[in-house]
Amino acid sequence: MPIRIVQSKQNPRLKQLRRALAKPLGDAEAGGRMLAGIEGPNLLKEAVRAGLHIECVFVAEGSERLLDGLALPAQTDILVTPAGLLDASLATETPQAVAALVETPDWTWAQVLDPARKDHALVVVLAGLQDPGNLGAVLRSAEAFGADGVLSLPGTANAWNPKAVRASAGSVFRLPVLEASAELAIERLHEAGVKVWTTRTYGALRADLADLAGATALLIGNEGNGVPPDLAARSDGALTIACPGRVESLNASVAAGVLLYEAARQRNVEGGFDLSHKNKNVARVGHREQARFPADGVEEER
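Quick note on my numbering: the sequence shown kicks off at 28 and runs consecutively.
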């Protein structure tokens, strides 16, 4: 692997990193590819494990050990910089000593709506979800509960925003995410036989009473305004989450996580899916294993 010492903030690769951390670099800037910036040794490790092309790695002087054991491709550039120079190029308040430029996956409709799984498709549709942290949390939950992919509609934050990448804990590297217009997304879902459920606080079917074991798309709206009325009108039904407490609604990413869990629970019970690949009563949480909460206790609707 070529290793170079960089001392100037005018270095072209550092300039690319700064731009990529603000917004993924488009075809013209990245030689026909899409490059995104990531920060931290854990995300770099996840990117390598996911098989992403690692264009360039940046490491602060004295922290080269953080690259030990990483199976970086032979053609990956490694730039060693003074810590202050790297810190000035990063987006976080407490910068880490490693960053990288990675090529984003080129996902397809066939990966989101795999014909082999058409009877059990599980897709999340994000309609104007603006907070990158919420978006990343949804991606993490979607992967955790076996979703096939995510459709990102106009107005939704970019999945490769650094905050979204961090909140996804690497799920953005593995979970297919496609940007699409609302019209195309609904059309493709219906063509594939996927039932589209919108989310609503009141006047909707309780999620645990709906059939989410079949081909299902969960439509998650904007944090403040929810799902646009014209889009909700094109859905096949509306879901609500029973809450015994005195709150009007849940955070968008929390609501998505609850609905994804319910869909996974029904598939585990009714479809025989093994969610953990070890024991269907155990879920991995971080690096620990914890027993699942009982799924048969149903809260009464307010």
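For each residue, glycine too, the CB sits at the ideal point set by N, CA and C.
If you ignore the 5 residues before and after Gly155, its C-beta comes within less than 8 Å of the C-beta of Leu180, Pro181, Gly182, Thr183, Gly248, Asn249, Asn252, Pro255, all in its own chain and listed in chain order.
Remark: C-beta atoms of Gly64 and Leu94 do not approach each other more closely than 7 Å. Bridge pairing for Val165: absent [DSSP]. Ranked by how close their Cα comes to the Cα of Gly264, the residues Lys222, Ala87, Val165 have Lys222 in first place. Our two residues, Val192 and Asp104, have alpha carbons roughly 22 Å apart in a direct line. For Ser179, DSSP records a beta bridge to Leu153, Glu206. Within 10 angstroms of the beta-carbon of Ala291 lie 16 or more other beta-carbons, which makes it buried. For Val274, the three-state secondary structure derived from DSSP is coil. Scanning Gln102, Ala115, Lys145, Leu41 for the CA closest to the CA of Ala219 turns up Lys145. When the alpha-carbon of Ala126 is set against those of Pro159, Leu79, Ser116, the nearest one is in Ser116. In the DSSP assignment, Arg40 falls outside any beta strand (DSSP E) and within the unbroken alpha helix (DSSP H) covering 39-49. Between Leu178 and Ala148, the C-beta gap is not smaller than 7 Å, which leaves the two residues out of contact.
Taking a 10 Å sphere around the C-beta of Thr121, we find fewer than 16 other C-beta atoms and assign the residue as exposed. By the neighbour-count criterion, in which a residue is buried when 16 or more other Cβ atoms sit within 10 angstroms of its Cβ, Arg76 is exposed. Following the DSSP letters along the chain, one finds Lys222 inside the beta strand (DSSP E) bounded by residues 222-226. Counting along the chain, Ala194 sits inside no beta strand (DSSP E); it lies in the alpha helix (DSSP H) bounded by residues 189-195. Judged by pairs of C-beta atoms under 8 Å, the segment 152-171 touches the segment 184-204, as three or more such pairs exist. DSSP, read as helix, strand or coil, puts Glu170 in helix.
Residue Leu205 holds the alpha-carbon nearest to the alpha-carbon of Leu140 among Lys42, Trp187, Leu205. If you check the CB distance, Leu216 and Ala237 do not come in under 7 Å. Using a Cβ distance threshold of 7 Å, Gln138 and Pro51 do not count as a contacting pair. Each of Ala242, Leu48, Asn278 was checked against the Cα of Gly176, and the nearest Cα belongs to Ala242.
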